[in-house]
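Protein chains in written order, with our numbering: chain A, 1 to 322; chain B, 323 to 617; chain C, 618 to 938. Think of the CB as a built atom: it goes at the ideal place given N, C-alpha and C, for glycine as much as any other residue.
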Amino acid sequence: MSVLELDGLHVWFAAPDGSFAHAVRGVDMRIDAGERVGILGESGCGKTTLILAAMGLLPSFASVGGRVTLDGYEVLAKGETSAREVRWTQAAMVFQGAMNALNPVRRVGVQIADPMIFHRQRGRREARERTLEVLELVGLPASVARRYPHELSGGMRQRAVIAMAIACEPRVLFADEPTTALDVVVQAQIGDLLCELAERLGLALVMVTHDIGMIAESSARAVVMYAGVVVEDGPTYDVLTSPRHPYTRLLLEATPVVNRDRPLVSIPGVPPRLDEPIEGCAFAARCPERFEACSVRPPLLGHGYGHGHVVACHAVLQEAAS
Amino acid sequence: MSLLHALARRPTMSVGISILIAFTLMAVFASGLEPYSPVAPSGPLFGAPSSAHWLGTDDAGVDMLSLIIAGSQNSMLVGFAAAIIAVLLGGALGIISGYKGGWSETGVVAVTDFFLVIPALPLMIVLAALFGQSIYQIVLIIGLLSWMSVTYVVRALVHTLRERGFVARARSLGAGDRYIIRHHILPHVAPLLVAQTVLTVAAAVFLEAALAFVGLGDPSRISWGTLIQTAFDRTAVSAGAWWAIVPPGVCIALVVLGCFLTGQAVEEAMNPRLGHAHVSHRSFSLRTPTKDDER
Amino acid sequence: MSKRQRYVLRRAGAAAVIAFVAITFSFVLFRALPGDAVSNIAQSPRMTLEIKEVLRRNFGLDQPLTTQYVLYLGQLAHGNMGRSFQDSRPVTEVVLRAAANTIPMAALGTLIGMVVGTLIGVTAAYRQGSSLDRAITGTSMVLYALPVQWLGLLMIALFAGVLPTSGMSDPYLIDPSFMATFQDRLEHMLLPSTCMALLLFGSFALVVRSSQLEALADDHVLTARAKGYRNRRVVWREAFRSAMLPLVSLSTLTLGFLIAGGILTETVFGWPGVGRLTVQAVSARDYPLLQGIFLVITLSVVFFNFLGDILHAVLDPRVTQ
């Protein structure tokens with residue numbers, strides 16, 4: 001039973017000079033209840049924009065096309081007004097850099113409890129009880145509720161933000177680079193915490209990151225994005241051990257491995273400009289496997305190998321067909 | 323220089339600097355531009371604007387346009403001279419206190435805070451009454467009481483510069499304080515000093531007019547401030563002679579506006595505001611993907 | 618003692634020090650002057666040397682400076698600020714009377730200017746880029762750039778027949794009722810207060826708009842939006858709550874200077890307040906009076922600054938660290 005469906009999702013950003021950057025170029029995705037998905041890709045590939053669009057949190061200079069369906073409800077039917085209905089109660093987000101996601105002049109407990117009262121889920125006393133409940137769930141002592149954000153360490157703040165996000169019992173939890181600003185030890189702890197919570201609470205977890213290790217540890221399914229499109233989507237183990245898409249393969253090869261003595265590789269070239277139309281496959285210019293069809297038609301997601309593992313690549317699909 | 327590029331692209335900068343250049347030129351070439359004498363009568367008393375006298379004449383029959391042009395000289399002179407004094411003093415204090423820290427910083431901060439608390443205009447009035455009202459004294463009085471906000475912002479900037487790596491690196495290479503200040507700090511502070519100078523010019527022009535209004539301007543010179551004061555004293559209002567009142571105020575307002583626009587543009591170019599507002603009266607729009615967009 | 622209490626005590630101590638330095642500065646400025654004040658009065662042809670000496674002794678100007686200073690401090694402690702040179706009335710009384718005139722007019726104008734300016738600034742920030750925003754920004758810049766005295770003159774020219782343009786009350790009202798007096802006072806107050814309000818409105822609108830725009834780009838504002846709060850709540854309870862912190866200092870400073878009355882405004886409108894008193898005192902070289910005015914203004918600013926520090930600590934929990 002899918003809890004979140006993206007159908008042909010497009011996002012454009014208007015620039016001051018009137019041109020548009022096409023940041024998300026037609027993404028289809030289905031996420032089931034309780035599924036843990038990691039969205040992987042380099043900066044600028046559109047992964048953050050994607051999840052912001054799913055909650056309708058785009059800025060005023062953005063335009064969005066396609067459909068986002070959350071538990072049967074069309075989030076983007078009326079733009080901001082319809083999106084507001086699902087926020088926090090059905091879908092919540094943990095933002096990058098929790099330091100700033102919290103209001104610096106209000107106590108943490110108040111910030112966790114307020115949305116519950118606002119959405120009429122609970123009265124004041126019950127909200128307070130639930131606040132202590134979620135603090136415990138994320139492994140924070142009850143005294144944190146009385147504190148201000150600047151009095152907490154980075155890791156504690158990130159946990160507080162997670163507690164805040166699950167307070168209203170959403171069905172989907174988005175996490176945007178939840179561990180990037182933290183030190184390594186805390187990173188692992190937060191990653192584990194997110195997994196644990198997703199399992200315990202039956203949440204769907206959609207985690208956006210460029211940290212391959214984080215995806216390996218905490219997501220059952222990996223989605224690779226490049227230049228606004230999904231290029232590979234499958235079980236994490238399969239995608240990371242036997243990647244099909246040339247981009248995924250090169251990306252994994254470019255990741256330095258500590259205990260292997262090997263020169264650093266990088267992918268030659270740069271990602272395409274998003275304010276110009278792209279003919280054919282977005283990765284073609286840098287792809288070692290490209291052939292004529294790649295510059296003509298954009299490849300569609302099709303079955304590569306294995307169950308539930310799809311790839312958007314002419315070369316792969318051609319080979320699979322034969 | 324990227325800063326100059328950023329500036330050239332801003333319309334507020336072009337408007338601001340054009341106004342300032344226009345008035346500076348007017349001040350510099352004043353004697354050449356005046357159609358009539360700014361001291362001798364050349365028309366009727368409180369004559370209305372006509373083709374002969376574009377801005378009419380004042381209560382003594384002197385052409386208003388010539389008065390305005392003549393006045394620009396002293397107003398702009400006081401503005402720039404006082405601003406330069408204020409910024410040199412304030413900038414030096416800001417750099418030294420921000421860079422050195424410790425006791426010198428505490429001392430400068432205490433002095434700055436103290437002078438911020440003293441009511442400026444009353445003090446200037448008292449000083450002008452005490453020590454004389456010639457234009458040089460007025461420039462000094464205004465300049466020596468306008469340095470505080472410059473010190474404040476320069477000190478803040480030097481603090482952030484100090485945090486950045488290059489100061490520590492230069493030190494570890496053996497560079498002395500004076501070298502570091504000259505080669506690392508000053509280039510970054512310079513644009514801010516320019517912006518502050520321009521903003522202080524606005525304040526100085528305004529203060530000169532204020533001092534003149536209470537009778538403490540240089541009596542031997544014409545400035546926009548003295549023109550407003552004359553209009554007030556000689557009851558231009560009841561005579562209905564709006565042309566004696568309006569032009570000097572408009573000139574001051576334009577110069578202040580020009581300074582404000584320019585100063586703001588420079589400061590914004592130095593610190594571009596990153597990030598956009600997360601809520602606004604408009605929200606994102608819905609758009610149906612066209613055939614070209616579909617895969 | 619809690620951190621907050623310690624902070625309050627520290628700020629109080631700093632304020633006391635500044636106040637003391639200001640008192641001393643005031644003394645130095647007005648006593649240690651070139652040209653002793655009595656000499657000014659002594660311009661009169663009937664002034665003999667003996668009378669001069671008597672005057673000098675009366676005003677305590679014949680003592681060494683240090684003695685004068687101690688006397689001065691002692692007098693101040695009793696609320697005695699000396700006597701005016703012009704008419705020998707106690708300075709304290711003269712200044713307080715003028716302050717009683719200034720405060721209603723200046724408070725009305727200042728508060729309206731600040732409040733309206735803030736509301737407009739927040740609105741402009743919310744509607745950034747729209748024509749309303751451009752209109753607000755343009756108008757505010759123009760108002761900010763206009764010289765006060767000129768604005769006042771213009772208002773007099775425009776409203777000459779409609780509203781009283783000078784003084785605080787109508788001297789020709791015969792045996793007026795309370796309502797009549799009240800209405801009369803209000804009418805006289807309208808123009809000068811509006812003049813002050815317009816001036817402040819411009820600068821406040823610009824500063825608030827700028828501060829609010831920065832606050833609207835903060836991450837916690839996006840979080841608030843993600844929580845499903847409506848825009849109005851996000852703008853005021855999330856963004857403005859952060860934006861108003863730097864505004865507190867500006868506001869309290871403005872309020873502190875309120876008692877200076879707007880020297881220019883009061884002169885233009887003939888309002889018998891502290892501002893106009895300052896100008897009169899200067900032209901008469903009435904140093905005790907000037908000193909008193911100076912002190913009152915400075916102490917007012919110090920006090921309001923102190924209040925501002927406290928308010929800042931209350932509003933921003935990060936301050937006491």
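- Query: Which residues mark the beginning and the end of the alpha helix (DSSP H) in which MET386/B is found?
  - Reply: Within the second sequence, numbered from 1, the residue matching residue 386/B stands at position 64. Where MET386/B is concerned, the enclosing alpha helix (DSSP H) stretches over 386-422.
- Item | Same chain, Cβ closer than 7 Å to ALA346/A, neighbours up to 5 away in sequence not counted | Shown here, chain A extends from 1 to 322; a query on residue 346/A therefore has no answer.
- From the beta carbon of ARG469/B, is the nearest beta carbon of chain C less than 9 Å away? For the purposes of this step, residue 469/B is taken as the residue at position 147 of the second sequence. The residue you asked about is not Arg; residue 469/B is Trp in the sequence shown. False, the Cβ-Cβ gap to chain C never drops below 9 Å.
- Query: Would you say SER757/C and GLY734/C are within 9 Å of each other, going by their C-beta atoms?
  - Reply: Mapped onto the third sequence, residue 757/C falls at position 140. Mapped onto the third sequence, residue 734/C falls at position 117. Yes.
- Task: May I ask you to list, following chain order, the residues of the segment 830-845 of chain C that have a beta carbon less than 8 Å from some beta carbon of chain A?
- Result: Per Cβ criterion, the list reads ASP835, ASP836, HIS837, LEU839, THR840, ALA841, ARG842, ALA843, LYS844 and GLY845.
- Flag LEU462/B as yes if its beta-carbon sits less than 9 Å from any beta-carbon of chain A, otherwise no. Within the second sequence, residue 462/B is the residue found at index 140, counting from 1. It does not; no Cβ of chain A falls within 9 Å.
- 9 Å Cβ cutoff met for LEU50/A and ALA83/A: On the first sequence, residue 50/A is found 50 positions in, with the first residue counted as 1. On the first sequence, residue 83/A is found 83 positions in, with the first residue counted as 1. One thing to note: LEU50/A has its Cβ no nearer than 9 Å to the Cβ of ALA83/A.
- Rounded C-alpha distance that separates ALA408/B from THR519/B: For this step, residue 408/B is matched to residue 86 along the second sequence. For this step, residue 519/B is matched to residue 197 along the second sequence. Rounded to whole angstroms, the gap between the alpha carbons of ALA408/B and THR519/B is 8 Å.
- Item | Closest Cα partner of LEU521/B within the set GLY580/B, ARG331/B and PRO594/B | Your numbering for residue 521/B matches position 199 in the second sequence. Selected option, being the one with the closest Cα: GLY580/B.
- How is the beta strand (DSSP E) around LEU9/A delimited, first residue to last? Working through the first sequence from its first residue, we reach residue 9/A at position 9. That run of the beta strand (DSSP E) goes 2-14.
- Contacts that PRO104/A makes with chain B (C-beta to C-beta distance below 8 Å): As a working note, residue 104/A is residue 104 in the first sequence. The premise fails here: PRO104/A is roughly 16 Å from chain B at the closest Cβ pair, so nothing lies under 8 Å.
- Query: Under three-state DSSP, which class holds ARG935/C?
  - Reply: Position 318 of the third sequence, counted from the first residue, corresponds to residue 935/C. When DSSP states are grouped into helix, strand and coil, ARG935/C belongs to the coil group.
- Task: Classify THR69/A as helix, strand or coil using the three-state DSSP reduction.
- Result: Stepping through the first sequence from its first residue, residue 69/A is reached at position 69. Correct three-state label for THR69/A: strand.
- Item | 4 or more residues per run - each alpha helix (DSSP H) lying fully within the segment 210-257 of chain A | Entirely contained in the segment 210-257 of chain A, the alpha helix (DSSP H) runs reaching 4 residues are, in chain order, 212-218, 236-241 and 246-254.
- Just the C-alpha distance for PHE13/A and VAL64/A, rounded to the nearest angstrom, thanks. On the first sequence, residue 13/A is found 13 positions in, with the first residue counted as 1. On the first sequence, residue 64/A is found 64 positions in, with the first residue counted as 1. Taking the straight line from one Cα to the other gives about 9 Å.
- Task: Grab the span of the alpha helix (DSSP H) containing VAL523/B for me, first residue to last.
- Result: Here residue 523/B corresponds to residue number 201 of the second sequence, with the count starting at 1. Element bounds for VAL523/B: 508-535.
- Task: Run down chain B in chain order and give the residues with a C-beta less than 7 Å from the C-beta of SER153/A.
- Result: Counting from one through the first sequence, the residue named residue 153/A turns up at place 153. Against SER153/A, chain B offers no close residue; the least beta-carbon distance is about 22 Å (beta-carbon pairs closer than 7 Å).
- Task: Mind reading off the beta-carbon distance from ASP7/A to ASP32/A? Whole number of angstroms is fine, and I expect it under 8 Å.
- Result: As a first step, residue 7/A is located in the first sequence; it is residue number 7 there, counting from the start. As a first step, residue 32/A is located in the first sequence; it is residue number 32 there, counting from the start. In fact, because the Cβ distance is near 16 Å, the residues do not count as touching under 8 Å.
- Might you give, ordered along the chain, the residues of its own chain that have their beta carbon closer than 6 Å to the beta carbon of PRO115/A, omitting 5 neighbours on each side? Working through the first sequence from its first residue, we reach residue 115/A at position 115. Correct list, in chain order: TRP88 and CYS168.
- Query: Under a CB-based cut-off of 9 Å, is SER336/B close to chain A?
  - Reply: Working through the second sequence from its first residue, we reach residue 336/B at position 14. With 9 Å as the cut-off, SER336/B does not count as an interface residue toward chain A.
- At 7 Å on the CB atoms, spell out the chain C contacts of TYR148/A, in chain order. The residue given as residue 148/A occupies position 148 in the first sequence. In chain order: PRO934.
- Message: So, with DSSP's three-state summary, where would you put ARG617/B?
- Response: Taking the first residue of the second sequence as 1, we reach residue 617/B at position 295. Here ARG617/B scores only 49 on pLDDT, less than 50, and its place in the model should not be relied on; the value that follows carries that caveat. In the displayed model, ARG617/B falls within coil according to three-state DSSP, outside both helix and strand.
- With 9 Å set as the bound, which would you pick, yes or no: does the beta-carbon of LEU862/C sit closer than that to a beta-carbon of chain A? Counting from one through the third sequence, the residue named residue 862/C turns up at place 245. So yes, LEU862/C belongs to the interface.
- Message: Considering only their Cβ atoms, is the gap separating LEU864/C from ALA724/C smaller than 9 Å?
- Response: The sequence position of residue 724/C within the third sequence is 107, counting from 1. The sequence position of residue 864/C within the third sequence is 247, counting from 1. No, these two residues do not count as a Cβ contact at 9 Å.
- Task: Please classify ALA497/B: does DSSP put it in a helix, a strand, or coil?
- Result: On the second sequence, position 175 is the one that residue 497/B refers to. If DSSP states are grouped into helix, strand and coil, ALA497/B belongs with coil.
- Per-residue DSSP class, three states only, for LEU795/C: For this step, residue 795/C is matched to residue 178 along the third sequence. Residue identity differs from the one stated: residue 795/C is Phe in this sequence, not Leu. Helix at PHE795/C.
- How many whole angstroms separate the CB atoms of VAL931/C and ALA632/C, which I take to be in contact at a CB cut-off of 8 Å? Taking the first residue of the third sequence as position 1, residue 931/C is located at position 314. Taking the first residue of the third sequence as position 1, residue 632/C is located at position 15. So it is not a contact: roughly 16 Å between Cβ atoms.
- Task: Taking the CB atoms as reference points, tell me whether GLY420/B and ARG484/B lie closer together than 9 Å.
- Result: To locate residue 420/B, count along the second sequence from 1; it is residue 98. To locate residue 484/B, count along the second sequence from 1; it is residue 162. Yes, the pair counts as a contact, with Cβ atoms nearer than the cut-off.
- Taking C-beta pairs closer than 9 Å, name the residues in chain C that GLY537/B reaches, listed in chain order. Stepping through the second sequence from its first residue, residue 537/B is reached at position 215. Chain C residues near GLY537/B: VAL896, VAL899 and SER900.
- Query: Between which two residues does the beta strand (DSSP E) carrying LEU470/B extend?
  - Reply: The residue labelled residue 470/B in the question sits at position 148 within the second sequence. Note on identity: in this sequence residue 470/B is Met, with Leu being the wrong assignment. The continuous stretches of beta strand (DSSP E) do not include MET470/B, which lies in the alpha helix (DSSP H) extending over residues 470-485.
- Message: Determine whether the beta carbon atoms of MET214/A and GLN187/A lie at a separation below 9 Å.
- Response: Residue 214/A sits at position 214 when you count from the first residue of the first sequence. Residue 187/A sits at position 187 when you count from the first residue of the first sequence. Yes, the Cβ-Cβ distance between MET214/A and GLN187/A is below 9 Å.
- Query: Since ASP555/B is in the alpha helix (DSSP H), which residue starts that stretch and which ends it?
  - Reply: On the second sequence, position 233 is the one that residue 555/B refers to. Here the alpha helix (DSSP H) through ASP555/B covers 546-555.
- Query: Considering only residues of the same chain and omitting the five flanking positions on each side of SER619/C, which have a CB-CB separation below 8 Å?
  - Reply: Residue mapping note: residue 619/C aligns to position 2 of the third sequence, counting from 1. Contacts found: none.
- Message: Counting beta carbon pairs with one atom in the segment 276-283 of chain A and one in the segment 194-205 of chain A, are three or more of them shorter than 8 Å?
- Response: Below 8 Å, too few C-beta pairs join the segment 194-205 of chain A and the segment 276-283 of chain A to call them touching: fewer than three.
- MET29/A touches chain C at which residues, Cβ-Cβ below 8 Å? As a first step, residue 29/A must be located in the first sequence, where it is residue number 29. Within chain C, no residue comes near MET29/A; the closest Cβ sits about 20 Å away, beyond 8 Å.
- Message: At the 9 Å Cβ level, is HIS10/A part of the contact set with chain B, yes or no?
- Response: Indexing the first sequence from 1 puts residue 10/A at position 10. It does; some Cβ of chain B falls within 9 Å.
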